[in-house]
Amino acid sequence: MSSANIRLELCKYAEKIVQNRLVVGPGGNISARHQGKMYLSPSGFALAEITTEEWVEVDIETGEITDNGLRPSSEVLMHLYAYRANPTIDAIVHTHPPNCIAFTLVATDLPVMFPDQAALVGKTAYIPYVLPTTDRLAEAFVAKVNEANSILLGNHGLVTTGRNLREAYYRTEVVEESAKIYLIASAIRTPKVMTDDEFAEVASLESEAYRIELLQKMK
Ligand SMILES: [Zn+2]
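Using the numbering used here, read the sequence shown as starting at 1 and increasing by one per residue.
See the structure below:
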């Protein structure tokens, strides 16, 4: 894949994020890694409005920005630190999904509740509220990136990672759906969640391994 293709992919998932109301207005930021660089959304744009040339190229090792006349997202440090800390991450999706935010207002640990969640996401980590765009948020985030591929940010939103944008994006959809299901069920009574054994059993299914492999390959 070339950097031109990465830019096209970023536009495609940025559009899906807005269509599915995972952010509103100029919120959220996404990036993908390609040959030592990351391509990140510019600051101040609604994600769906970004054109291919407007994604900002940043050198992951040095932090040097290739000038295209735009500032990178103010969460640039969160993305940089994550790519530096975990070489298996090639895409990061940060959104403000309403059910995820609502969940963090009343709870912290999102349990594993259904098979797709167990197979595609697994356990979700949580970070208490930290002022956005700061070094503190980037540091709190990087402390969790080797622990979970989905991290809830208290009173703020969600960050998911993946080996490509498709994987990171689907994880965002699944976590948002999980938060929604949890909130619906807990309005009635304490939800019955999956046990650790049930979770481990799904993760070990050959058919799930196949689906996950497919997710990594396909675009
Ligand atoms: Zn945010």
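From the three backbone atoms N, C-alpha and C, an ideal C-beta is built for every residue, glycine too.
If only complete runs of 4 or more residues are kept, the stretch 68-118 shows the alpha helix (DSSP H) at 76-85, 98-106, in order along the chain. DSSP, reduced to helix, strand and coil, places Leu-137 within a helical segment of the structure shown. Beta-bridge pairing by DSSP links Val-159 to His-94, Ile-151.
DSSP lists Leu-40, Ile-92 as the bridge partner or partners of Ser-31.
With the rule of 3 Cβ pairs closer than 8 Å, the stretch 134-146 counts as touching the stretch 73-91.
Under the criterion of beta carbons closer than 8 Å, Leu-110 and Leu-152 qualify as touching, at roughly 7 Å.
Two segments are said to touch when three or more pairs of C-beta atoms, one from each, lie closer than 8 Å; by this definition the stretch 84-98 touches the stretch 158-170. Proximity of the stretch 100-108 to the stretch 34-46 falls short of the contact definition, fewer than three beta-carbon pairs being nearer than 8 Å.
Shortest Cα-Cα distance from Gly-122 to any of Ser-31, Glu-208, Gln-19, Val-24 involves Glu-208.
Arg-71 sits away from Tyr-39, with the two beta carbons spaced by 8 Å or more. In the structure shown, Ala-125 falls within a strand segment according to DSSP collapsed to helix, strand and coil. In the three-state scheme derived from DSSP, where H, G and I count as helix and E and B as strand, Ile-50 is classed as coil. In this structure Asn-146 touches Ala-85 by the C-beta definition: roughly 7 Å separates them, less than 8 Å. Boundaries of the beta strand (DSSP E) harbouring Glu-57: 56-59, taken from the DSSP string. Taking every protein chain shown into account, the CB of Glu-61 has fewer than 16 other CB atoms within 10 angstroms, so this residue is exposed.
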